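Residue numbers for the sequence shown follow the numbering used here, beginning at 173 and rising by one. All C-beta atoms in this analysis are idealised placements derived from N, C-alpha and C, irrespective of residue type, glycine included. The model shown is predicted, which means the values in this text are computed figures rather than measured ones.
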Amino acid sequence: MVVTLAWVSTLAIAVAFASTAGASERATARVSVPVSPTARVDGHGAQRIDHFGASGAWWPNDLVQFPAAVQHQVANLLFGPNGIALTGYRYNIGGGGAGVTDPTRAPQTFLVAPGIYDWTRDPGDVTFLELAARHRVPVIVGFVNSAPVAFTTNGANCGGQVRPDAVAGYARYLADVVAHFLRDAHVDVGYVSPMNEPDNSFANCGQEGMAVPVDARGALVRAVSGALTARGLDTRVIADESSAAFFQFLPEVPKWLDAATLPAVGALAHHTYEFPTDVWLAQVASLQRYGRPLWMTEICCYDGQGPIVGFGAQY
Numbered sequence: 173m174v175v176t177l178a179w180v181s182t183l184a185i186a187v188a189f190a191s192t193a194g195a196s197e198r199a200t201a202r203v204s205v206p207v208s209p210t211a212r213v214d215g216h217g218a219q220r221i222d223h224f225g226a227s228g229a230w231w232p233n234d235l236v237q238f239p240a241a242v243q244h245q246v247a248n249l250l251f252g253p254n255g256i257a258l259t260g261y262r263y264n265i266g267g268g269g270a271g272v273t274d275p276t277r278a279p280q281t282f283l284v285a286p287g288i289y290d291w292t293r294d295p296g297d298v299t300f301l302e303l304a305a306r307h308r309v310p311v312i313v314g315f316v317n318s319a320p321v322a323f324t325t326n327g328a329n330c331g332g333q334v335r336p337d338a339v340a341g342y343a344r345y346l347a348d349v350v351a352h353f354l355r356d357a358h359v360d361v362g363y364v365s366p367m368n369e370p371d372n373s374f375a376n377c378g379q380e381g382m383a384v385p386v387d388a389r390g391a392l393v394r395a396v397s398g399a400l401t402a403r404g405l406d407t408r409v410i411a412d413e414s415s416a417a418f419f420q421f422l423p424e425v426p427k428w429l430d431a432a433t434l435p436a437v438g439a440l441a442h443h444t445y446e447f448p449t450d451v452w453l454a455q456v457a458s459l460q461r462y463g464r465p466l467w468m469t470e471i472c473c474y475d476g477q478g479p480i481v482g483f484g485a486q487y
């Protein structure tokens, strides 16, 4: 079934001119421009979308400053049936923001010391995580831009890596966070992403970031999966959330996803900040041979660069 919709509208353009004859004297000209857009709706099935979601980084920390009624209104618009009814939500498990120069991108960490937590921290992010769960958003992911400083190579939340000798401790920390939400807040974090854009440490420290070399990613995934299982949790690990699907994710996944790591992976996830063409994405889809869902988990509001120039809103 194909339905074609057409309509004609008039676009009114207001042009303001400032006059030097008077301090506030202005003239406004209105120009009517007829436009005739056409929309074509094709009912033929194309592909299944597992979920449609949003990332809670970092706007919840602004909204927590508003009255509870406003927060609930926003949650209804995001998660409710009368809004856009998101079916996925990525909760940012903050690292603490040490070294980050932009305070709006420096989420608090629950970790006080290994094994010791302050669960009252990060109220904005937690509020919207709980609101997503209350609206029964089916897919909730806890993702990490940087591990807390107890586990990083440079004692900061940007510009470093996970210390090789701290991988097990970092994995236990993530399992503790997931277990806390399930036990104390009744929020089921179904997936954990222990690295976000591991190709970039964000050394400029405009936000949290943590590099994970390709040859270290498999061990990290296995450690986190093992820690979750040890706590009796059925939360799965997604990886590796590389910045670019074609240039990074496609060639790098086979380098870390071996037979020992595959059982620990719940989904293969990537970002699309290179704004890939359909031809490129068709090649990325070849990674479905591993038998795991293939998720595109992040794109934002920037223009593409290089051979492909596009606007992030198209996604």
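Cβ distance (whole Å) where residue i is taken to contact residue j below 8 Å
i	j	result
V361	V393	16 Å between Cβ atoms; not a contact.
E369	H307	No, E369 and H307 are not in contact; Cβ-Cβ is about 28 Å, not under 8 Å.
L303	A347	Actually they are not in contact, since the Cβ atoms of L303 and A347 sit about 24 Å apart, beyond 8 Å.
V236	T299	6 Å
G287	R262	That pair is no contact at about 26 Å.
P448	A417	5 Å
L466	L440	5 Å
F224	V309	With 8 Å as the limit, F224 and V309 do not qualify as a contact, their Cβ atoms being about 10 Å apart.
Y363	V313	4 Å
P328	A270	Note that residue 328 is Ala in the sequence shown here, rather than Pro. Yes, A328 and A270 are in contact; Cβ-Cβ is about 5 Å, under 8 Å.
DSSP three-state assignment for residue i, whether helix, strand or coil
i	result
S414	strand
L466	strand
A193	With a pLDDT of only 38 at A193, under the threshold of 50, the placement of this residue in the model should not be trusted; the figure read from the coordinates follows. Coil at A193, not helix or strand.
G225	strand
L283	strand
D214	strand
Q237	coil
L429	coil
N264	strand
L258	coil
H443	strand
G327	coil
S458	helix
F353	helix
R198	Here the model assigns R198 a pLDDT of 40, short of 50, so the residue's position is not dependable, and the following value carries that caveat. Looking at R198 - three-state DSSP - the assignment turns out to be strand.
G314	strand
V242	helix
Q420	helix
V309	coil
L183	Reliability fails at L183, whose pLDDT of 30 lies under 50, so the model's placement of it is uncertain and the value that follows must be treated cautiously. In this structure, L183 counts as strand in the three-state DSSP scheme.
G332	strand
G438	strand
V321	helix
V364	strand
Through-space distance from residue j to residue i, alpha-carbon basis
i	j	result
S365	V316	6 Å
A357	S318	23 Å
R335	N326	9 Å
W230	A278	9 Å
S373	G381	5 Å
A490	A247	Residue coverage of the chain in this structure runs from 173 to 487, which leaves residue 490 outside it and unanswerable.
D337	A411	21 Å
A351	D294	17 Å
A343	V349	10 Å
G378	T273	6 Å
W291	G404	21 Å
E413	T469	7 Å
F238	G463	44 Å
P426	Q245	44 Å
C472	E446	11 Å
G268	V284	10 Å
P209	L453	29 Å
S196	N233	With a pLDDT of 39 at S196, under the threshold of 50, the predicted position of this residue should be treated as unreliable, and no value is reported.
D430	L459	13 Å
D214	I256	21 Å
L434	T407	15 Å
W428	V359	31 Å
A240	V456	42 Å
R355	L301	14 Å
S415	G398	26 Å
P253	T259	11 Å
Burial state of residue i (16 or more Cβ within 10 Å)
i	result
C330	buried
F353	buried
Q333	buried
N264	buried
D222	exposed
D387	exposed
G266	buried
V451	exposed
T276	exposed
V242	exposed
L249	exposed
A305	buried
V187	Low per-residue confidence applies at V187: pLDDT is 29, beneath 50, and the placement is therefore not dependable enough to give any value.
R212	exposed
R389	buried
G217	exposed
Q420	buried
Report task. Counting only runs of 4+ residues fully inside the segment 376-414, write out the alpha helix (DSSP H) ranges in chain order. Result -> 386-402
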